[in-house]
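Asker: Got a structure for you, written out below as structure tokens; questions coming shortly.
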Amino acid sequence: MRVAIGSTVLQYGRANGHIDGIGTYTQALLQCYAKQHPDEFNGFVFHGLKRKRLIGDFDDMPIPFAPNVLQSALTFMPFIGSARIDQSYDLFHATDHFIPKLRKTPVLATLMDPVPIMYPEWVSGGKTRPLKNWLFKRSAQSADHYVTISEFVVKDLVEHFRIPEEKISVIPLGVDALYFQKVAQAEKQAVLDKFKLQAGFFLFIGTLQPRKNILTLIEAFRSLPLDIQKQHPLIIAGGQGWRSDKEILALQQLEIEGLGRWLNYVSANEKLVLLQSACALVFPSLYEGFGLPVLEAFASNLPVVTSNTTSLSEVAGDAAWLVDPCSPSAIAQAMQTLVESPEIANNLRIKGMQRAQEYTWQRTADATWALYEKILGKAN
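Residue numbers for the sequence shown follow the UniProt record's numbering, beginning at 1 and rising by one.
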């Protein structure tokens, strides 16, 4: 079985020092396949940047991938380069929004969530957003089968992409083994010193953007007793995203008062230290296709407060304190209880660690490889 992996974001993320959720997922599949299926998997990553070594023995093919996918969606014609792919591969797996229409080779598309379609006001794009959404939907509908990352997302894909439910398979994401590793105290202290932090803070991880609901989190934090705010400041780790001016101003005010910090992007190792040094992860996002920070916190032995909506309750199960993400008082109550009741916090730590062990990238890769075989079995 000859499989090609298509992605436009992984190389960009690696070049810029920040790999997003799609990039993390793609990289995990590549690493697992290279170890487990070295003879069968002859995969390459397609992207719109110049040729550059990606990972291990993987390199990119000299095809202007992203522009050709868009041209294919606009003209309703097969992807330019389709014949070459048909000759080289048995199956093409598109892990991001650029999904080629091929003549003969079956295409599997990973659709993590339909946020740009459902909530265009939450994403960047301006006046071109309607065109981008149309192209996204058009290219997505050309795939032969689809994989998504939670049961919750399935109904939204059916509704907003008009994809038959029988063409959608659910394969959850995994958590990197890195997050189960305990960081040495000296290394931990070095990171805390770098950011001028002391252990015991509330932590949020994610890009500053409307759907992450950071303003509501700040409102909840502000309603806590002042002594709790001082002992457990609010730390935000994540880059600046779309329409985040209000969030930045609110975080700057917290920092002026000595009650919080915005750290911007942090490395994987720095994130691990933050997770192992916090008193709780507070993640009241309004929409997530999965919610990987929740699993990363579980694996890091950190109690979690997260939303009782979208996929987050599905992923967290009973291992997190679930709250209404639109209720600052409910979020604040959970935060206060976790710092005042070690017994409740420790119970969530135990449940969280057990939950995290159910989700591994190897499990994700094995299920995805089995799906390849199933798709090819039907195609043949």
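Virtual Cβ for every residue (Gly too), placed ideally from N, Cα, C.
State yes or no: is the C-beta of Ser-277 within less than 8 Å of the C-beta of Lys-182?
Answerer: For this step, residue 277 is matched to residue 277 along the sequence shown. For this step, residue 182 is matched to residue 182 along the sequence shown. Contact: no.
Asker: Alpha carbon to alpha carbon, what distance is there between Ala-320 and Glu-288?
Answerer: Within the sequence shown, numbered from 1, the residue matching residue 288 stands at position 288. Within the sequence shown, numbered from 1, the residue matching residue 320 stands at position 320. Those two C-alpha atoms are separated by around 15 Å.
Asker: I'd like to confirm the pairing. Which residues does DSSP put opposite Asn-301 in its beta bridges?
Answerer: In the sequence shown, counting from the first residue as 1, residue 301 sits at position 301. Answer is none; Asn-301 lacks a bridge partner.
Asker: DSSP state of Gly-6, grouped into three classes?
Answerer: Position 6 of the sequence shown holds residue 6. It is a strand residue.
Asker: On the DSSP bridge assignment, give the partners of Thr-128 in chain order.
Answerer: Numbered from its first residue, the sequence shown carries residue 128 at position 128. According to DSSP, which records beta bridges pairwise, Thr-128 is partnered with nothing at all.
Asker: Give the DSSP-derived three-state secondary structure of residue 398 in the structure shown.
Answerer: The structure shown has nothing for residue 398, since the chain only spans 1 to 380.
Asker: When the Cα atoms are used, what is the spatial distance from Ala-345 to Val-107?
Answerer: Here residue 345 is taken as the residue at index 345 of the sequence shown, counted from 1. Here residue 107 is taken as the residue at index 107 of the sequence shown, counted from 1. Rounded to whole angstroms, Ala-345 to Val-107 spans 45 Å at the Cα level.
Asker: Hey, how far is the Cα of Gly-238 from the Cα of Trp-369?
Answerer: To locate residue 238, count along the sequence shown from 1; it is residue 238. To locate residue 369, count along the sequence shown from 1; it is residue 369. Looking at the two C-alpha atoms, the distance is approximately 32 Å.
Asker: Look at the Cβ atom of Val-170, then the Cβ atom of Ser-150, and state whether they are nearer than 8 Å.
Answerer: As a working note, residue 170 is residue 170 in the sequence shown. As a working note, residue 150 is residue 150 in the sequence shown. Yes, these two residues count as a Cβ contact at 8 Å.
Asker: Taking the beta carbon of Trp-262 as the centre, do at least 16 other beta carbons fall within 10 Å, making it buried, or is it exposed?
Answerer: Position 262 of the sequence shown, counting from 1, holds the residue named residue 262. Buried, since its Cβ has 16 or more Cβ neighbours within 10 Å.
Asker: Going by beta carbon distance, what residues of the same chain come within less than 7 Å of Met-118, once the five residues before and after it are set aside?
Answerer: Here residue 118 refers to the residue found at position 118 when the sequence shown is read from its first residue. Around Met-118: Asp-156, His-160.
Asker: Look at the Cβ atom of Ile-228, then the Cβ atom of Gln-333, and state whether they are nearer than 8 Å.
Answerer: Locating residue 228 in the sequence shown gives position 228, where the first residue counts as 1. Locating residue 333 in the sequence shown gives position 333, where the first residue counts as 1. Going by C-beta atoms, Ile-228 is not nearer than 8 Å to Gln-333.
Asker: Per DSSP, Gly-174 is paired with what?
Answerer: In the sequence shown, counting from the first residue as 1, residue 174 sits at position 174. Bridge partners of Gly-174: none, in fact.
Asker: Which value, in whole angstroms, describes the spacing of the CA atoms of Ser-341 and Lys-137?
Answerer: The sequence position of residue 341 within the sequence shown is 341, counting from 1. The sequence position of residue 137 within the sequence shown is 137, counting from 1. Approximately 48 Å, taken between the alpha carbons.
Asker: Count the other C-beta atoms from every protein chain shown that fall within 10 angstroms of the C-beta of Leu-111, then say buried if there are 16 or more, exposed otherwise.
Answerer: Along the sequence shown, one-based indexing puts residue 111 at 111. Looking at its Cβ environment, which holds 16 or more other Cβ atoms inside 10 Å, Leu-111 is buried.
Asker: When you compare each of Ile-99, His-93, His-97, Thr-105 to Gln-87 by their alpha carbons, which one comes out closest?
Answerer: Reading the sequence shown from its first residue, position 87 is the one you call residue 87. The option with the nearest alpha carbon to Gln-87 is Thr-105.
Asker: Which residue comes first and which comes last in the beta strand (DSSP E) that contains His-145?
Answerer: For this step, residue 145 is matched to residue 145 along the sequence shown. Per DSSP, His-145 belongs to the beta strand (DSSP E) from 145 to 148.
Asker: Enumerated in chain order, which unbroken segments of the alpha helix (DSSP H) with a length of 4 residues or greater are wholly contained in the region 202 to 255?
Answerer: Within the region 202 to 255, the complete alpha helix (DSSP H) runs of at least 4 residues are 214 to 222, 226 to 231.
Asker: Thinking C-alpha only, which one of Gly-23, Leu-91, Gly-21, Leu-274 is nearest Gly-377?
Answerer: Looking up residue 377 in the sequence shown gives position 377. Ranking Gly-23, Leu-91, Gly-21, Leu-274 by Cα distance to Gly-377 puts Leu-91 first.
Asker: Would you kindly work out how many angstroms separate the C-alpha atoms of Gln-362 and Phe-152, rounded to a whole number?
Answerer: Translated into the one-based positions of the sequence shown, residue 362 becomes position 362. Translated into the one-based positions of the sequence shown, residue 152 becomes position 152. So the two alpha carbons sit approximately 22 Å from each other.
Asker: On the CB-based measure, 16 or more other CB atoms within 10 Å of its CB, does Pro-225 come out buried or exposed?
Answerer: Position 225 of the sequence shown, counting from 1, holds the residue named residue 225. Its Cβ having fewer than 16 others within 10 Å, Pro-225 is exposed.
Asker: Sorted by chain position, which residues of the same chain lie with C-beta nearer than 8 Å to Ser-223's C-beta, five sequence neighbours on each side aside?
Answerer: Translated into the one-based positions of the sequence shown, residue 223 becomes position 223. Pro-328, Ser-329, Ala-332.
Asker: Give the C-beta separation of His-93 and Gly-200 to the nearest angstrom, bearing in mind that I take them to be a contact with Cβ-Cβ under 8 Å.
Answerer: For the purposes of this step, residue 93 is identified with residue 93 of the sequence shown, where counting begins at 1. For the purposes of this step, residue 200 is identified with residue 200 of the sequence shown, where counting begins at 1. Going by Cβ atoms, the distance from His-93 to Gly-200 rounds to 43 Å, so no, they are not a contact pair.
Asker: Counting only the same chain and skipping the five closest in sequence on each side, list residues whose C-beta sits under 8 Å from that of Val-175.
Answerer: Walking along the sequence shown from the start, residue 175 turns up at place 175. Contacts found: Leu-292, Leu-295, Glu-296, Phe-298, Ala-299, Ala-356, Tyr-359, Thr-360, Trp-361.
Asker: Take the Cβ of Asp-96 as the centre, count every other Cβ of all protein chains shown within 10 Å, and call the residue buried at 16 or more, exposed below.
Answerer: Stepping through the sequence shown from its first residue, residue 96 is reached at position 96. With 16 or more other Cβ atoms within 10 Å, it is buried.
Asker: Mapping the DSSP letters down to three states, classify Ile-375 as helix, strand or coil.
Answerer: Within the sequence shown, numbered from 1, the residue matching residue 375 stands at position 375. Note: Ile-375 maps to helix in three-state DSSP.
Asker: Would you say the region 249 to 258 touches the region 310 to 325, given that touching needs at least three Cβ pairs under 8 Å?
Answerer: The region 249 to 258 vs the region 310 to 325: no contact.
Asker: Ala-109 by DSSP, collapsed to three states: which one?
Answerer: Taking the first residue of the sequence shown as 1, we reach residue 109 at position 109. Residue state, collapsed to three classes: strand.
Asker: In chain order, what residues of the same chain have a beta carbon less than 6 Å from the beta carbon of Ile-218, not counting five sequence neighbours either side?
Answerer: Residue 218 sits at position 218 when you count from the first residue of the sequence shown. Contacts found: Ala-250.
Asker: For Ser-307 and Leu-322, I'd like the C-alpha separation in whole angstroms.
Answerer: Translated into positions along the sequence shown, residue 307 becomes position 307. Translated into positions along the sequence shown, residue 322 becomes position 322. Each residue's alpha carbon lies about 5 Å from the other.
Asker: Quick one: give me the first and last residue of the beta strand (DSSP E) that Phe-283 is part of.
Answerer: Here residue 283 is taken as the residue at index 283 of the sequence shown, counted from 1. Note, Phe-283: beta strand (DSSP E), 280 to 283.
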